[in-house]
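Remarks on the structure that follows.
There are 2 protein chains.
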Amino acid sequence: MKQVNVYDENDFSEKAFKRLLVHDSPYFKILNFNFKAGQELPVHSHEIEGQVSLIVLEGEGEFLGKDDATLPAKTGDVLISEIAEPHGIRAKTDLRLLVTIAPPI
Amino acid sequence: MKQVNVYDENDFSEKAFKRLLVHDSPYFKILNFNFKAGQELPVHSHEIEGQVSLIVLEGEGEFLGKDDATLPAKTGDVLISEIAEPHGIRAKTDLRLLVTIAPPI
Numbered sequence: 001m002k003q004v005n006v007y008d009e010n011d012f013s014e015k016a017f018k019r020l021l022v023h024d025s026p027y028f029k030i031l032n033f034n035f036k037a038g039q040e041l042p043v044h045s046h047e048i049e050g051q052v053s054l055i056v057l058e059g060e061g062e063f064l065g066k067d068d069a070t071l072p073a074k075t076g077d078v079l080i081s082e083i084a085e086p087h088g089i090r091a092k093t094d095l096r097l098l099v100t101i102a103p104p105i
Numbered sequence: 106m107k108q109v110n111v112y113d114e115n116d117f118s119e120k121a122f123k124r125l126l127v128h129d130s131p132y133f134k135i136l137n138f139n140f141k142a143g144q145e146l147p148v149h150s151h152e153i154e155g156q157v158s159l160i161v162l163e164g165e166g167e168f169l170g171k172d173d174a175t176l177p178a179k180t181g182d183v184l185i186s187e188i189a190e191p192h193g194i195r196a197k198t199d200l201r202l203l204v205t206i207a208p209p210i
């Protein structure tokens, strides 16, 4: 077993979002991103098989998709996307995000 | 893309913990469990390859392991366990948990 507290281990920066690698294994990769209000993870995608989950631990913002599409994002939201499908997030308040990628890339 | 808010879609019950299937695909299975204080997901394991992540969205409690081992659990904790390794959780306060299993079982 392995335990990481992402509130304790990762913080926020006015310069850019902060990224913490929580776990990487043959089964999945888990990352925590902390965004100050206004920061974003730009829309991106990779041409590989698999899915990614974006979990909003805390905060409000918008999920970003293809062709400038947006979806409201708030605490407790789980977004599932194909890795090959464009996805991203923009923070309106300080926002903590947990991302799980399976299989890992 | 698929979006589920586990705060909106799942609630608590005094009778037993509440389970919500958030997502199931060939890549991972995602479940939300809500525990009232005192409720628990007993220690269990399955003899298959893979890993499971337990994310405490909100609340305090104890992760449960082999031979009555416990680890403090609080908001923002991510616990990684082999699926074959005994794992569980007990809530000390009302607690929201997100579980990701890869590959899905």
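Top line first, the protein sequences correspond to chains A and B.
Throughout the first sequence, residue numbering follows the working numbering, covering 1 to 105 in sequence.
Throughout the second sequence, residue numbering follows the working numbering, covering 106 to 210 in sequence.
From the three backbone atoms N, C-alpha and C, an ideal C-beta is built for every residue, glycine too.
> Which same chain residues, not among the five before or five after Phe-122(B), have their C-beta less than 7 Å away from its C-beta?
Replying inline: Take Phe-122(B), set aside five residues on each side of it, and the residues of its chain with a beta-carbon closer than 7 Å to its own are Phe-138, Asn-139, Phe-140, Gln-144, Leu-146, in chain order.
> Would you say Tyr-132(B) and Thr-75(A) are within 9 Å of each other, going by their C-beta atoms?
Replying inline: No, they are not a contact pair.
> Is DSSP giving Glu-114(B) helix, strand or coil here?
Replying inline: Here Glu-114(B) carries a helix assignment [DSSP, helix/strand/coil].
>> Tell me the residue span of the beta strand (DSSP E) that contains Lys-92(A).
In response: Run containing Lys-92(A): none; DSSP gives neither H nor E here.
> Near Glu-165(B), what residues of its chain come up, given a Cβ to Cβ distance below 6 Å and the 5 sequence neighbours on each side ignored?
Replying inline: Closer than 6 Å at Cβ, skipping near neighbours: Lys-179, Lys-197, Thr-198.
> Nearest chain B C-beta to Arg-19(A) closer than 9 Å, yes or no?
Replying inline: Chain B contact via Cβ: absent.
> Looking at C-alpha atoms only, which residue of Ile-89(A), Ala-102(A), Leu-97(A) is the closest neighbour of Glu-82(A)?
Replying inline: Closest by alpha carbon: Ala-102(A).
>> Tell me the rounded alpha-carbon separation between Thr-100(A) and Leu-31(A).
In response: Inter-residue distance for Thr-100(A) and Leu-31(A) is about 7 Å (C-alpha atoms, whole angstroms).
>> Helix, strand or coil for Lys-15(A)? Go by DSSP, reduced to three states.
In response: In this structure, Lys-15(A) counts as coil in the three-state DSSP scheme.
>> Measuring alpha carbon to alpha carbon, tell me which residue in Glu-62(A), Met-1(A), Ala-37(A), Ser-25(A) is nearest Lys-15(A).
In response: Nearest option by C-alpha distance: Ala-37(A).
> Got a sec? Which residues, its chain only, sit under 8 Å from Leu-85(A) by beta carbon, not counting five neighbours each side?
Replying inline: Before going on, a small fix: residue 85(A) reads as Glu here, not Leu. Take Glu-85(A), set aside five residues on each side of it, and the residues of its chain with a beta-carbon closer than 8 Å to its own are Ser-45, Gly-65, Lys-66, in chain order.
> So, does the CB of Arg-90(A) fall closer than 9 Å to a CB anywhere in chain B?
Replying inline: Output row for Arg-90(A): interface = no.
>> Using 8 Å for Cβ pairs, my map puts Leu-54(A) next to Leu-21(A). What's the rounded Cβ distance?
In response: Contact doesn't hold; Cβ gap of about 16 Å is too wide.
>> Can you tell me whether Asp-77(A) is buried or exposed? The criterion is at least 16 other CB atoms within 10 Å of its CB, across all chains shown.
In response: So Asp-77(A) ends up on the buried side.
>> Taking a contact to mean a Cβ-Cβ separation below 9 Å, would you say Gln-51(A) touches Ile-80(A) in this structure?
In response: In contact: Gln-51(A) and Ile-80(A) (Cβ atoms closer than 9 Å).
>> Let me check one thing: in DSSP terms, what residues is Ala-73(A) bridge-paired to?
In response: Partner(s): Gly-61(A).
> Would you call Lys-29(A) buried or exposed, if buried means 16 or more other Cβ atoms sit within 10 Å of its Cβ?
Replying inline: By the neighbour-count definition (other C-beta atoms within 10 Å, threshold 16), Lys-29(A) is a buried residue.
> How big is the Cα-Cα spacing for Asp-24(A) and Phe-117(B)?
Replying inline: Spanning the two alpha carbons is a distance of roughly 32 Å.
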